[in-house]
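In the working numbering, the protein residues as written are 3 to 605.
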């Protein structure tokens, strides 16, 4: 059965009839225009989703994906092309079987089968099997072949690595100080009185991890890194103090605690250990050699990045980059972007379509002035303010764009526009009542109940703790109970002390109990969710503000924004729940195959 036939059989609803009609119209238009080879299947495939009978085309998805991720994807493609070109020049290749074998080897190293390992990669790092084999394993294997003469592990390298892992070690204490004169002074004290070394390390060492345990550091072995430190450590007898040694911009000295003899792995474990050590050395050497090779290839290569350069794009239409005379098309970059990010980008396009439809139905629109006002509001609310009190727009954009995909335009389109659109949709429905204002005033400025709390996971434990607290009604004893029995970290570590409870803070059962107690009272057992809470009242704070009129304007602004944000979330959920959405991109996406690079099939 063809894809089109399957699609036609999915539903007979009016909405699906409209979708089928859209596909057929696209096919007819193409044929009328002379593209007689275009099939209905091709027209169908050009639509990746339909939102309330309104289609989203693959071209739209491609454009949106390139706009957000094109630069990063292009950089990766350029690197892969450089490797492929060098492989071709040298007559080298990586086969699909070599890729599969390497994946099996890596999975085995982690004690997993291939299926479990690839599933873990996808769940934990969002890397598909195809992406992993194409973008990680294939380049790694290609680089290994390109730098094979530089990554052979010598016997000496293996011996040194083995000694660094299993050889004799010296357990030491350390004092590290940035000021040289202070380091010399402390060294003199330690040398004169070696038994004081742990105290000196705890009081004066500027390495907090070792200072907290009297200067103790992991055992020092040969060939671990710094030969000067290793020689100093192995030259010490037990209890001796080393000379002052420079380490970066700090100074340090050691005290030998004891010698740890070399360990000898069992004969059964040796083969796996040898393989592990060889792999580690090879990987380290390969990284260095690959980095040098990349640097060399990049220096020698003639790369013209066209994507994002308007003048270059006009000169080379449809081209994303030119690498040593070889063109990389925007279409190939778009396809790569869709492979990696299509699902998340399409979700954004679907949401944008929903909001656009809702705005149109409500007779509303988002203007540039609306967008600018929202940007200024966000900047000010997060403290990006200039010296004259205006929004620091430049600083705000620097902050929100750091480390994220896209540009200002992408941020406005993906974050600002949806927020403004939702506000437009709910602004007429969002009002504050007198009750809202009164409860908001109580929550923000009213008294707080100061309590000790103990949180239990089951009613039986709660009853037991409550009875003990009742029989010994003191703050100190309640605190000990909280420390011993509370499953909530703050109350347990602080002997029951928790932040003061306010009215209308979102926990009505707890608040009701807290505000009807008097100092010294023990609450009943408060069941909330799957937890059981016991409180002991210590008193109440004074109201922060007593004059409602003095804060009415600021309070109204805060409460209105809070209520609007809640309404926006509900409106979005409503739009999603009532919409008819067909996501063909996700529905038809096949499980990615484990494969080598496109170049590997040519070998």
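Just so it is clear, CB atoms sit at the ideal spot from N, CA and C, and this is done for glycine as well.
Suppose the cutoff is 8 Å on Cβ atoms and the five residues either side in sequence are ignored; what does the same chain contact list for residue i look like?
| i | result |
| --- | --- |
| residue 350 | 66 and 416 |
| residue 352 | 51, 53, 58, 583 and 585 |
| residue 558 | 434 and 439 |
| residue 212 | 175, 176, 178, 203, 218 and 219 |
Which residues bound the beta strand (DSSP E) around residue i?
| i | result |
| --- | --- |
| residue 585 | 583-585 |
| residue 541 | 533-542 |
| residue 177 | 171-179 |
| residue 254 | 252-262 |
| residue 53 | 49-53 |
| residue 409 | Per DSSP, residue 409 belongs to no beta strand (DSSP E) and is neither H nor E. |
| residue 530 | 528-530 |
| residue 331 | 328-331 |
Measuring CA to CA, which of the options is closest to residue i?
| i | options | result |
| --- | --- | --- |
| residue 505 | 219, 309 and 448 | 448 |
| residue 108 | 146, 163 and 278 | 278 |
| residue 222 | 211, 234 and 213 | 234 |
| residue 152 | 56, 436, 292 and 487 | 292 |
| residue 508 | 469, 444 and 290 | 444 |
| residue 584 | 313, 98, 240 and 356 | 356 |
| residue 328 | 83, 389 and 367 | 83 |
| residue 305 | 79, 564 and 559 | 79 |
| residue 99 | 139, 190 and 260 | 139 |
| residue 158 | 496, 489 and 225 | 225 |
| residue 326 | 580, 260, 510 and 88 | 88 |
| residue 239 | 248, 227, 299 and 256 | 256 |
| residue 231 | 361, 342, 177 and 485 | 177 |
| residue 258 | 520, 552, 581 and 199 | 199 |
| residue 217 | 228, 205 and 227 | 205 |
| residue 2 | 389, 394 and 362 | Because the chain in this structure spans residues 3 to 605, residue 2 falls outside the shown range and cannot be described. |
| residue 455 | 524, 354 and 397 | 524 |
| residue 450 | 521, 71, 581 and 302 | 521 |
| residue 373 | 207, 391, 338 and 420 | 420 |
| residue 371 | 396, 422, 552 and 340 | 422 |
| residue 143 | 105, 113, 120 and 485 | 105 |
Could you pull out every residue in the same chain whose Cβ sits closer than 7 Å to the Cβ of residue i, ignoring the five residues on either side in sequence?
| i | result |
| --- | --- |
| residue 588 | 345 |
| residue 402 | 413 |
| residue 453 | 500, 503, 516, 537, 538, 539 and 540 |
| residue 146 | 153 and 288 |
| residue 164 | 279 |
| residue 573 | 424, 427 and 428 |
| residue 470 | 483 |
Within its chain, find whatever has a CB closer than 6 Å to the CB of residue i; leave out the 5 residues flanking it on each side and keep chain order.
| i | result |
| --- | --- |
| residue 534 | 458, 461, 464 and 527 |
| residue 570 | 424 and 428 |
| residue 253 | 179, 182, 185 and 246 |
| residue 123 | 129 and 134 |
In this structure, does DSSP put residue i in helix, strand or coil?
| i | result |
| --- | --- |
| residue 58 | strand |
| residue 303 | coil |
| residue 224 | coil |
| residue 452 | strand |
| residue 73 | helix |
| residue 367 | coil |
| residue 266 | coil |
| residue 588 | helix |
| residue 143 | helix |
| residue 30 | Caution applies to residue 30, whose pLDDT of 32 falls short of 50 and renders its modelled position unreliable; the value that the coordinates give is listed next. Helix at residue 30. |
| residue 120 | helix |
| residue 247 | strand |
| residue 524 | strand |
| residue 598 | Any reading at residue 598 is ruled out, since the residue's pLDDT is 42, under 50, leaving its predicted position unreliable. |
| residue 458 | strand |
| residue 218 | strand |
| residue 23 | Here the model assigns residue 23 a pLDDT of 34, short of 50, so the residue's position is not dependable, and the following value carries that caveat. Looking at residue 23 - three-state DSSP - the assignment turns out to be helix. |
| residue 489 | coil |
Check for me: the alpha helix (DSSP H) holding residue i runs from which residue to which?
| i | result |
| --- | --- |
| residue 1 | For the chain, the structure presents residues 3 to 605; residue 1 sits outside this window and is missing. |
| residue 108 | 98-111 |
| residue 309 | Counting along the chain, residue 309 falls outside any alpha helix (DSSP H), and DSSP gives it neither H nor E. |
| residue 402 | 395-403 |
| residue 323 | Unbroken run through residue 323 is the beta strand (DSSP E), 321-325; no alpha helix (DSSP H). |
| residue 186 | 182-194 |
| residue 516 | 510-517 |
| residue 202 | 199-206 |
| residue 152 | Note, residue 152: premise wrong, no alpha helix (DSSP H); not H, not E. |
Validate contact between the stretch 363-382 and the stretch 419-429 using beta carbons, cut 8 Å, 3 pairs: yes
May I ask you to verify whether the stretch 89-105 touches the stretch 430-444, counting CB pairs closer than 8 Å and requiring at least 3? no
Counting beta carbon pairs with one atom in the stretch 159-172 and one in the stretch 261-269, are three or more of them shorter than 8 Å? yes
Touch test, the stretch 299-317 against the stretch 67-76, Cβ-Cβ under 8 Å, three pairs minimum: yes
Check whether the stretch 549-566 touches the stretch 431-439, counting contact only when three or more Cβ pairs, one atom from each stretch, lie closer than 8 Å. yes
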